[in-house]
Each structure stands twice: as C-alpha cells, then as structure tokens.
Amino acid sequence: MNIFRFLADLSHMASIVILILQIRKTKSAAGVSYKTQFLYALVFVTRYIDIFFHYVSLYNTFMKIFFVTSTIYILYLMRVQYKPSHDPNIDTFRIEYIIAPSAVLALIINHGYTLYEILWSFSVWLESGAILPQLFMLQRTGEAETLTVHYIFALGIYRLLYIPNWIYRYVTEGRVEPIAFLASLIQTALYSDFFYIYYTKVMQGKKFELP
Amino acid sequence: QKIEDEHDEL
Numbered sequence: 001m002n003i004f005r006f007l008a009d010l011s012h013m014a015s016i017v018i019l020i021l022q023i024r025k026t027k028s029a030a031g032v033s034y035k036t037q038f039l040y041a042l043v044f045v046t047r048y049i050d051i052f053f054h055y056v057s058l059y060n061t062f063m064k065i066f067f068v069t070s071t072i073y074i075l076y077l078m079r080v081q082y083k084p085s086h087d088p089n090i091d092t093f094r095i096e097y098i099i100a101p102s103a104v105l106a107l108i109i110n111h112g113y114t115l116y117e118i119l120w121s122f123s124v125w126l127e128s129g130a131i132l133p134q135l136f137m138l139q140r141t142g143e144a145e146t147l148t149v150h151y152i153f154a155l156g157i158y159r160l161l162y163i164p165n166w167i168y169r170y171v172t173e174g175r176v177e178p179i180a181f182l183a184s185l186i187q188t189a190l191y192s193d194f195f196y197i198y199y200t201k202v203m204q205g206k207k208f209e210l211p
Numbered sequence: 001q002k003i004e005d006e007h008d009e010l
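From first to last, the protein sequence lines are chains A and B.
So for the first sequence, the numbering used here puts the first residue at 1; every next one is plus one.
So for the second sequence, the numbering used here puts the first residue at 1; every next one is plus one.
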C-alpha cells in the first residue's frame with residue numbers, strides 16, 4: 001500500500017459519503033444520475049464477488065463491503081426514500097452504450113477465460129464509462145449543486161491517483177496491470193473537461209455552470 | 001506473476 005493508492009481509496013470513500021450526505025440533507029436526489037449509481041453498483045458487485053474466496057487484507061475486505069453496501073444504499077435512497085425528487089426525464093443516457101462495449105472488451109481483453117476474470121475485466125471497463133450518464137446530465141442541466149460537483153471531483157481524483165500508484169508499483173514491485181491502467185486513462189480523460197470547469201469556476205468561488 | 005496478485009487493489 002502506497003500513499004497514492006491510500007489517498008485514492010479515501011477520496012473514493014469521501015465521494016460516496018458526500019453523495020449520501022447531500023441526498024439526506026436536502027432530502028432530494030435532484031441532479032444525481034440514478035443510471036451512474038446503478039452502473040457503479042454493477043461495477044462493485046461484479047468486481048468484488050471474490051470477497052468470498054480471495055482474501056487480500058482486512059482493509060481490502062472492509063473497503064469492498066463499504067463500496068457495495070454504500071452504493072446499494074444510494075440506490076435505495078434514490079429509488080425508494082426520495083423517489084419523487086429524481087427526474088428520470090433528464091437522466092437519459094443509454095446505459096447499453098456502456099454495458100455492451102464493456103462486455104465485448106471483457107471477452108477480448110482479460111487475464112483468463114474464467115467467469116471471475118471476465119467479470120473482473122467487465123467491471124474495470126464498465127467503471128471507466130460509468131460516470132458518463134452523470135456528466136451527460138450535468139451537461140443537459142448546465143449547472144449543479146455544489147455537493148454534486150464535489151462528488152464528481154472526488155471521484156475523478158480517486159481515478160487520477162491510481163495512475164501514480166501503478167507507476168509507483170511498477171517501479172518498486174515490477175507489477176504491471178495493463179487492463180486497469182488503460183481503463184483508468186480513459187476514465188481520467190473523461191473527467192478532464194469537468195476538472196477544467198471545476199478549476200476555472202468552483203475554485204474561484206463561483207457556481208458550477210457550464211459555458 | 002500470480003493471478004491473485006493482479007487483483008489486490010480495489
């Protein structure tokens with residue numbers, strides 16, 4: 001465990017906590033993409049099924065449980081608790097366009113043709129595009145709640161930090177994980193526009209508004 | 001490299 005990965009995981013955790021706090025505080029899930037949350041739930045469930053047969057560390061197990069349960073809790077908040085606040089009419093990105101290519105990529109690029117390896121690869125590719133419905137929604141509405149913006153920012157930081165983590169691990173351990181590395185580059189690229197607007201607007205205390 | 005080591009991250 002190096003500092004990059006640890007900070008990345010903390011940032012990932014923070015993003016989820018921010019989202020839950022926002023929904024609970026405002027008693028509303030307005031501005032949050034249900035589709036993105038659903039995709040993340042799918043990412044975690046398909047990636048972390050190894051929790052039952054592959055032990056890494058207490059930290060690893062704890063985080064896996066946290067990510068799966070907290071994301072399902074967000075789905076519950078959006079679908080049941082604060083359902084009326086969520087407008088499906090602005091959450092229109094077709095998730096098939098993310099799920100289908102991820103499935104194809106998982107079948108082509110993986111660490112071996114076992115169910116576990118294919119699901120793992122699928123989850124990695126899926127994660128790289130899972131933020132798209134949220135970014136799409138942001139683009140449609142043109143502005144967002146400060147907390148939603150911080151949520152996306154924390155999520156982007158998490159992905160960005162995994163890149164130096166892998167470079168560090170390559171140098172110190174000779175460890176190479178090309179699938180996750182490539183998928184993460186794609187994912188970070190998706191955030192670049194968002195980061196730019198975040199930097200030019202939010203950092204200067206302005207409201208998050210798309211130009 | 002063992003497969004197990006490839007999935008020690010989140």
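Backbone N, C-alpha and C define an ideal beta-carbon position, used for all residues, glycine too.
Nothing here was measured: the structure is a model prediction, and the numbers come from that model.
Boundaries (first-last residue) of the alpha helix (DSSP H) holding residue 171 (chain A): Mapped onto the first sequence, residue 171 (chain A) falls at position 171. Its alpha helix (DSSP H) spans residues 146-173.
Counting only beta-carbon atoms, is residue 111 (chain A) nearer than 7 Å to chain B? Taking the first sequence and counting its residues from 1, one reaches residue 111 (chain A) at position 111. Judged by the 7 Å Cβ criterion, residue 111 (chain A) is in contact with chain B.
Going along the chain, which residues of its own chain have a beta-carbon closer than 7 Å to the beta-carbon of residue 120 (chain A), five neighbours each way excluded? Locating residue 120 (chain A) in the first sequence gives position 120, counting from the first residue. Contacts found: 47.
Under 8 Å, with one C-beta from each stretch per pair, do the segment 37-56 of chain A and the segment 64-74 of chain A reach the 3-pair mark? yes
Rounded Cβ spacing between residue 159 (chain A) and residue 139 (chain A) (contact assumed at less than 8 Å): For the purposes of this step, residue 159 (chain A) is taken as the residue at position 159 of the first sequence. For the purposes of this step, residue 139 (chain A) is taken as the residue at position 139 of the first sequence. 19 Å between Cβ atoms; not a contact.
According to DSSP, residues forming a beta bridge with residue 209 (chain A): Position 209 of the first sequence, counted from the first residue, corresponds to residue 209 (chain A). Answer is A:143.
Sufficient close CB pairs (3 or more, under 8 Å) joining the segment 150-167 of chain A to the segment 176-196 of chain A: yes
Check whether the Cβ of residue 127 (chain A) lies closer than 7 Å to any Cβ atom in chain B. Numbered from its first residue, the first sequence carries residue 127 (chain A) at position 127. For residue 127 (chain A), the answer is no, since every Cβ of chain B falls outside 7 Å of its Cβ.
Unbroken alpha helix (DSSP H) run spanning residue 105 (chain A), endpoints: Within the first sequence, the letter at position 105 stands for residue 105 (chain A). Run containing residue 105 (chain A): 96-108, per the alpha helix (DSSP H) assignment.
Quick one: measure Cβ to Cβ for residue 15 (chain A) and residue 151 (chain A), integer angstroms, because I've assumed they're closer than 8 Å. Reading the first sequence from its first residue, position 15 is the one you call residue 15 (chain A). Reading the first sequence from its first residue, position 151 is the one you call residue 151 (chain A). Yes, residue 15 (chain A) and residue 151 (chain A) are in contact; Cβ-Cβ is about 5 Å, under 8 Å.
Decide yes or no for the touch test of the segment 108-127 of chain A against the segment 29-46 of chain A: beta carbon pairs closer than 8 Å, at least 3 of them. yes
Please say whether residue 208 (chain A) and residue 144 (chain A) have beta carbons closer to each other than 7 Å? On the first sequence, residue 144 (chain A) is found 144 positions in, with the first residue counted as 1. On the first sequence, residue 208 (chain A) is found 208 positions in, with the first residue counted as 1. In this structure, residue 208 (chain A) lies closer than 7 Å to residue 144 (chain A) by Cβ.
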